[in-house]
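Enquirer: Encoded as structure tokens, here's the structure I'll be asking about.
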């Protein structure tokens with residue numbers, strides 16, 4: 009899958025004026041579908057989710073095993089780098105905090121690489137997944153998550169631009185050093201804070217990449 013870097017996000021639109029809509033964003037009531045490649049169709053019998061890297065022992069769940077983990081409801085605002093924001097989205101899924109109860113991370117872990125069916129990757133600091141900040145979404149607005157929106161399961165990290173919320177998630181790799189993922193290798197921000205408009209690498213503070 010070849011990365012491409014496109015600054016042409018279309019006509020500039022002003023913020024909706026809400027203190028919940030970051031600078032440069034506009035509120036939408038739709039849920040636009042944006043992907044870096046074709047939509048994979050994953051049979052639930054073949055689905056697996058793995059924790060690997062700097063862990064004492066790798067952990068893997070089947071679809072049935074993962075759905076047996078304690079689930080929560082989440083109401084979150086989400087913000088896409090293409091400048092739309094959608095408020096009060098309703099999800100059900102498994103908190104990353106719950107997932108990490110099943111794996112002992114080595115003390116040097118600072119970063120996580122998320123991997124998806126289809127080859128997509130994105131990097132996230134560990135602290136941005138813990139303490140209720142990230143979860144694996146299994147349903148949206150009361151219905152199973154559709155393939156177009158990342159189903160059967162996607163990572164959701166609402167406080168970062170939505171490219172960090174990897175669709176079709178299948179594993180997390182725990183790392184000591186940061187590494188760029190798919191869009192980050194194409195010139196996008198290593199962090200992606202909507203409130204600081206960190207869309208591109210040039211928007212990052214003190215970036216060494």
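Residue numbers (this note's numbering): 9 to 217.
The beta-carbon is built from N, C-alpha and C at its ideal position, and this holds for glycine as well.
Is residue 91 helix, strand or coil by DSSP?
Expert: The answer is coil: DSSP assigns residue 91 none of H, G, I, E or B.
Enquirer: Of the residues 183, 168, 191 and 211, which one's Cα is nearest the Cα of residue 120?
Expert: Considering only alpha carbons, the answer is 183.
Enquirer: Closer than 7 Å by C-beta to residue 50: which residues in its own chain qualify, once you throw out the five before and the five after it? Chain order, please.
Expert: Result list for residue 50: 125, 160 and 176, in chain order.
Enquirer: Just tell me which of 29, 46, 36 and 132 has its CA closest to the CA of residue 197.
Expert: Ranking the options by Cα distance to residue 197, first place goes to 132.
Enquirer: Check whether the Cβ atoms of residue 202 and residue 30 lie closer than 7 Å to each other.
Expert: Yes; because the gap between Cβ atoms is below 7 Å, this pair is in contact.
Enquirer: Have a look at residue 36 and residue 94 and give me their C-alpha separation to the nearest angstrom.
Expert: Taking the straight line from one Cα to the other gives about 5 Å.
Enquirer: Taking 7 Å as the threshold (C-beta atoms), are residue 64 and residue 98 in contact?
Expert: No. Outside cutoff.
Enquirer: Of the choices 112, 152 and 102, whose alpha-carbon is the least far from that of residue 142?
Expert: The shortest Cα separation from residue 142 among 112, 152 and 102 belongs to 102.
Enquirer: Give a yes or no on whether the C-beta atoms belonging to residue 213 and residue 32 are separated by under 7 Å.
Expert: Cβ atoms of residue 213 and residue 32: not closer than 7 Å.
Enquirer: Provide the residue span of the alpha helix (DSSP H) that contains residue 109, from first to last.
Expert: Where residue 109 is concerned, there is no enclosing alpha helix (DSSP H), given that its DSSP letter is neither H nor E.
Enquirer: Is the separation between the beta-carbon of residue 57 and that of residue 82 shorter than 7 Å?
Expert: Taking 7 Å as the Cβ cut-off, residue 57 and residue 82 do not qualify as a contacting pair.
Enquirer: With H, G and I counted as helix, E and B as strand and the rest as coil, what does DSSP make of residue 36?
Expert: In this structure, residue 36 counts as coil in the three-state DSSP scheme.
Enquirer: Between residue 170 and the rest of its own chain, which residues show a CB-CB distance below 6 Å, the 5 nearest in sequence each way excluded?
Expert: Once the five neighbours on either side are set aside, the close Cβ partners of residue 170 are 86 and 88.
Enquirer: Does residue 175 come out as helix, strand or coil in the three-state DSSP assignment?
Expert: Of the three classes helix, strand and coil, the one that applies to residue 175 here is coil, per DSSP.
Enquirer: Looking at the secondary structure, which residues open and close the alpha helix (DSSP H) in which residue 74 lies?
Expert: First-last of the alpha helix (DSSP H) with residue 74: 71-75.
Enquirer: Residue 128: beta carbon under 6 Å from a heavy atom of the ligand HEM?
Expert: Inclusion of the ligand HEM in the displayed structure is not the case, the ligand content being empty and no account of it being possible.
Enquirer: Give the C-beta separation of residue 162 and residue 173 to the nearest angstrom, bearing in mind that I take them to be a contact with Cβ-Cβ under 8 Å.
Expert: With a Cβ gap of about 6 Å, residue 162 and residue 173 count as contacting.
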